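Protein chains in written order, with my numbering: chain R, 1 to 179; chain U, 1 to 258; chain X, 1 to 254. Note that the Cβ used here is the ideal one computed from N, Cα and C, for glycine as well. Everything numeric in this text was worked out from a predicted model, so none of it was measured. Here's the structure, in structure tokens; my notes come after.
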Amino acid sequence: MQEISDETYMERVKNGQLANMAPLFERYHVRMYNFFLQLTHDKALSQELSQELFYRVLRHRSGYRPAPGSFKKWIYTIARNLHIDYRREQVRVRSDSVGEGHENIAVPPERYTETDYSRLDGALQELDIEQREVLVMSRYQGLKYEEIAVILGLSVNAVKVRVHRSILALRKVYFKNNQ
Amino acid sequence: MKILLITIGFYCLAVTGMAQEFQLKFPATPGRRIKLENLGGHVRVMGYAGTEIMIRFFPGGNRKIQTTTTPVNTVYALGTDNTGVGLFMEKDTGEISFKNVLPLSMAGDYLLKIPEKLLLSVVSDCHHLKKLNIVDMQGDLDIRICHAVTIENAEGAIVLTTIAGKVDVRMRLLQKGKPVSIISETGNITLTIPPDVAADLRMGSAAGTVHCDFPVLPGNNKKTLQGDNQISGRIGSGGAVIHLQSLSGRIFLQKSKP
Amino acid sequence: MNCEETMAAIIDAREKGEAVLSTEADLHLAGCAACQKEAAELRHLLAEMDNTVFKPAPAALGKGFYDMLSAEMLSADNPVKISRRYAYLSAAACIIFLAGIGFATLLINRNTNKVAAERVTVNNGGEKENLLLTHIQDPSSAMRIQAVNEVESLSQPDPKLVTVLIQVLNKDSNSNVRMAAVYALSKFADDTRVRNGLIGALEKETEPVIQVLLINLLADKKEERVTHALQTIIQNPATRRQVQEIAGNKLRAL
């Protein structure tokens with residue numbers, strides 16, 4: 001029997017058959033949780049962002065435009081925007097705090113300590129966000145360059161160049177840390 | 001500067017959406033409470049020296065509340081919107097409550113102006129209220145939510161529990177008999193209080209660091225605990241209760257600038 | 001072909017699942033020692049990245065999602081009729097703008113005289129304890145916290161008061177009040193009744209912050225009867241990971 005596509009489920013959700021959101025959640029929640037985890041390396045935050053992601057998918061269901069293969073790009077676009085919003089908010093809060101007296105307080109880097117924190121994870125966190133997100137999408141999440149190009153609004157070639165440069169940057173950080 | 005920003009904020013909120021509004025006289029006699037339950041989106045509450053509750057709703061979902069010229073109730077699965085702003089209102093002499101009845105697809109943001117001496121209670125699960133700002137309230141605040149909250153210029157008691165959001169509270173006044181008790185499971189807590197306060201302090205975080213601008217003296221149990229991510233004791237002569245506790249967030253107790 | 005192009009060729013080959021490089025890349029590698037080291041590192045890195053597996057999502061994520069979906073399904077199929085006033089854009093803008101200015105003026109001219117705070121005024125002796133008993137059952141959580149905190153100032157509290165405090169710790173619906181009760185009772189934790197009450201509370205408590213307070217308090221007192229509660233906490237999948245870790249550490253230390 002042919003498997004029902006993400007797009008069919010999402011179209012049904014858009015048309016008010018909300019129970020069809022459940023199979024989409026089952027298909028995507030682990031990968032989306034890991035998407036946020038690889039970007040933030042914070043379990044609690046990743047759970048919160050994942051929760052918010054499915055909330056947004058449900059709430060903005062009328063904005064979904066069905067097309068073959070469109071759901072995956074759509075949900076990753078929302079996820080990426082969510083992460084960008086979070087980072088902007090972090091910058092704003094941090095700058096507010098600095099102006100309000102935190103400057104005298106030694107603040108340790110906000111890193112989630114994990115027993116399973118791998119050296120590769122550590123190296124990944126040292127890359128800048130553009131490099132990190134393109135690596136997470138291509139190498140960890142298994143998105144094709146064409147899909148990433150749509151999500152990032154870049155050409156396929158530009159994505160490929162960015163992925164290659166990011167891998168090389170990661171290699172330098174990873175082996176520097178391991179020496 | 002802040003005043004200008006608030007003014008501009010009001011204006012911007014107005015021009016970015018088609019605000020719907022509700023208004024009701026509810027003077028702040030002693031012990032009177034306003035309760036907000038599961039309001040959606042970003043909720044801003046501003047205290048003022050008036051007697052009316054004003055609620056503005058800024059729809060953000062993909063369906064707008066339908067409007068007619070005749071004031072009639074709207075019935076949703078979660079309840080009846082008897083305010084025109086997606087809320088079910090109940091009122092008796094001591095308390096007025098507003099409960100969200102809109103589905104998520106119709107959720108939006110709220111701006112409330114309420115008498116500053118009312119007691120304010122805000123309760124929300126993790127799917128509704130996403131961000132809460134409270135400004136210029138003199139009455140006690142009782143808050144149980146899931147996300148971030150900022151409170152500015154508070155003067156009453158604050159009893160606050162949240163799960164994942166950052167908590168930023170700035171007190172204009174800290175009074176004996178008006179405890180400040182804050183629990184944030186994973187978010188950082190920053191409490192800013194006047195530099196000349198007298199308080200009984202307990203603050204700690206299981207996995208986060210704890211920072212205190214004030215010298216802490218031995219408290220009621222005759223000992224000061226500092227270390228193991230815990231600080232307890234007395235600030236000045238003691239008096240006002242401050243309890244700040246987190247599981248993994250960092251905690252800051254700092255002096256406000258004169 | 002240079003080193004950079006060779007590295008790109010290695011990445012390309014990996015992406016295409018090809019085991020061998022182009023002849024040009026192989027030739028360059030054979031003659032360039034520096035490039036060989038880089039290539040080995042790159043292959044190691046790519047292999048490690050490809051071997052990364054997804055971590056399981058927390059169960060709470062699923063619960064949260066299905067709660068949200070149920071609520072939305074319940075509320076989506078509803079009759080939407082009617083409503084009332086509508087604030088036209090420009091009018092609302094002007095009104096709110098003026099309100100903002102008025103509000104700002106109020107802020108500037110705010111009188112510094114404050115209304116005296118309601119407080120739990122207590123006297124000495126039995127009267128104080130009676131008042132505390134009344135306030136501990138007050139509907140206002142702030143009042144209950146204040147009253148519970150006052151108990152800490154008593155050197156030898158009435159047994160009835162201690163019993164009420166233990167009830168608060170076990171039954172009060174507000175986490176902040178229960179937290180205040182832990183603080184207050186910690187002063188009397190050597191008392192047998194209090195100790196038993198604290199152990200009982202740990203077995204029931206689900207708020208992570210208070211679980212940690214109770215665990216630390218009882219472990220500091222070397223209370224061995226807490227072992228069962230700690231094991232239950234560790235084994236409960238709904239317990240927060242940090243709490244499980246703390247419980248595990250304390251259990252080993254007991």
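Quiz item: Which residues in chain X sit within 9 angstroms of L120/R, going by Cβ to Cβ distance?
Solution: The answer, in chain order, is L45, E48, M49 and T52.
Quiz item: Should N82/U be labelled buried (16 or more other beta-carbon atoms within 10 Å of its own) or exposed?
Solution: Buried, by the Cβ-count rule.
Quiz item: How about I151/U and R172/U: do their beta carbons lie closer than 8 angstroms?
Solution: Contact: no.
Quiz prompt | the region 200-211 of chain X / the region 239-248 of chain U touching (three or more Cβ pairs under 8 angstroms) | solution = With the cut-off at 8 angstroms, the region 200-211 of chain X and the region 239-248 of chain U touch.
Quiz item: With a Cβ-Cβ cutoff of 8 angstroms, do L202/X and L185/X count as a contact?
Solution: In this structure, L185/X does not lie closer than 8 angstroms to L202/X by Cβ.
Quiz item: Whose CA, out of L154/R, L37/R, T8/R and K43/R, lies closest to the CA of Q141/R?
Solution: Nearest C-alpha to Q141/R: L37/R.
Quiz item: With which residues is G233/U paired in a DSSP beta bridge?
Solution: Beta-bridge partners assigned by DSSP to G233/U: L201/U.
Quiz item: Hey, out of Q138/U, G31/U and H128/U, whose CA is closest to I145/U's CA?
Solution: That would be H128/U, whose Cα lies nearest to the Cα of I145/U.
Exercise. Could you round the C-beta distance between R119/R and L39/R to whole angstroms and report it? I think they count as a contact, below 8 angstroms.
Key: Not a contact, Cβ separation roughly 18 angstroms.
Practice problem: Indicate whether at least one CB of chain X lies closer than 8 angstroms to the CB of F36/R. | Solution: No - not a single Cβ of chain X is within 8 angstroms of the one on F36/R.
Exercise. Let me know the secondary structure DSSP gives Y76/U once reduced to three states.
Key: When secondary structure is reduced to three states using DSSP, Y76/U falls in the strand class.
Exercise. Kindly provide the ranges of any alpha helix (DSSP H) runs that are 4 or more residues long and lie completely inside the region 6-91 of chain R, ordered along the chain.
Key: Entirely contained in the region 6-91 of chain R, the alpha helix (DSSP H) runs reaching 4 residues are, in chain order, 6-14, 21-40 and 43-59.
Quiz item: If V168/X and V194/X are in contact, beta carbons under 8 angstroms, what's the gap, nearest whole angstrom?
Solution: The Cβ separation is near 12 angstroms, so there is no contact.
Quiz item: For the beta strand (DSSP E) that contains Q20/U, what are its first and last residues?
Solution: Note, Q20/U: beta strand (DSSP E), Q20 to K25.
Quiz item: Taking Cβ-Cβ distances shorter than 8 angstroms, what residues in chain R pair up with S105/U?
Solution: By Cβ distance, chain R contributes L58, R59, R61 and S62.
Practice problem: List the endpoints of the continuous alpha helix (DSSP H) containing Y183/X. | Solution: Per DSSP, Y183/X belongs to the alpha helix (DSSP H) from S175 to S186.
Self-check item: Cα-Cα separation, D85/R to A79/R
Solution: Those two C-alpha atoms are separated by around 10 angstroms.
Quiz item: So does the region 199-219 of chain U actually touch the region 157-166 of chain U, counting three or more Cβ pairs closer than 8 angstroms?
Solution: A contact is defined here as three or more CB-CB pairs under 8 angstroms, and the region 199-219 of chain U fails this definition with respect to the region 157-166 of chain U.
Self-check item: Inter-residue spacing [alpha-carbon to alpha-carbon] between A247/X and L165/X
Solution: For A247/X and L165/X, the gap between their C-alpha atoms comes out near 24 angstroms.
Quiz item: In terms of residue numbering, what span does the alpha helix (DSSP H) encompassing V20/X cover?
Solution: Boundaries cannot be given for V20/X, as no alpha helix (DSSP H) includes it and DSSP labels it neither H nor E.
Quiz item: L198/X to T51/U, Cα distance in whole Å?
Solution: The C-alpha of L198/X lies about 46 angstroms from the C-alpha of T51/U.
Quiz item: So what's R111/R in DSSP terms, helix, strand or just coil?
Solution: The pLDDT assigned to R111/R is 35, lower than 50, so where the model puts this residue is not dependable, and the model offers no usable value.
Practice problem: Starting from R139/R, find everything on chain X with Cβ-Cβ shorter than 9 angstroms and list it in chain order. | Solution: Taking the beta carbon of R139/R as reference, the chain X residues within 9 angstroms of it are L46, M49, D50 and T52, listed in sequence order.
Exercise. In the DSSP assignment, find the unbroken beta strand (DSSP E) run with G243/U in it and report its ends.
Key: Note on identity: in this sequence residue 243/U is His, with Gly being the wrong assignment. A240 to S246 is the extent of the beta strand (DSSP E) around H243/U.
Quiz item: So is R84/X in contact with chain U if we call contact Cβ pairs under 8 angstroms?
Solution: Residue confidence is low: R84/X scores 37 on pLDDT, short of 50, so the model does not pin down where it sits. Its coordinate-derived value is still stated next. Yes, R84/X lies at the interface with chain U (some Cβ there is under 8 angstroms from its Cβ).
Quiz item: Assuming A142/X contacts K178/U under a Cβ cut-off of 8 angstroms, what Cβ separation, rounded to an integer in Å, is found between them?
Solution: Taking a contact as a CB-CB distance under 8 angstroms, the pair A142/X and K178/U counts as one, their CB atoms being some 7 angstroms apart.
Quiz item: For the candidate residues E89/R, E26/R and T77/R, whose alpha-carbon lies nearest to that of L154/R?
Solution: Comparing Cα positions, the closest option is T77/R.
Practice problem: Kindly indicate which residue of L174/U, E21/U, G156/U and I231/U has the alpha-carbon position closest to the one of P194/U. | Solution: Taking each of L174/U, E21/U, G156/U and I231/U in turn and checking the Cα distance to P194/U, the smallest one comes out for L174/U.
Quiz prompt | Secondary structure of E152/U, DSSP reduced to three states | solution = Here E152/U sits in strand by DSSP.
Quiz item: Which chain R residues are close to A164/U, counting only those with a beta carbon under 7 angstroms from its beta carbon?
Solution: Under the 7 angstroms cutoff, chain R gives A44 and E48.
Practice problem: Give the single residue among E130/R, S138/R and E126/R whose Cα lies nearest to the Cα of K176/R. | Solution: Comparing Cα-Cα distances from K176/R to each of E130/R, S138/R and E126/R, the minimum goes to E126/R.
Exercise. Show which residues of chain X have a CB atom less than 9 angstroms away from the CB atom of I193/U.
Key: Neighbours of I193/U on chain X: none; closest Cβ ~15 angstroms, over 9 angstroms.
Exercise. Output the distance between the C-alpha atoms of H83/R and A40/X, rounded to the nearest integer angstrom.
Key: If you take the alpha carbons of H83/R and A40/X, they lie about 34 angstroms apart.
Quiz item: Quick one: what's Q254/U bridged to in DSSP?
Solution: Beta-bridge partners assigned by DSSP to Q254/U: T192/U.
Quiz item: Going by DSSP, which residues form a beta bridge with S181/U?
Solution: Residue pairing for S181/U: DSSP places it in a beta bridge opposite V159/U and H243/U.
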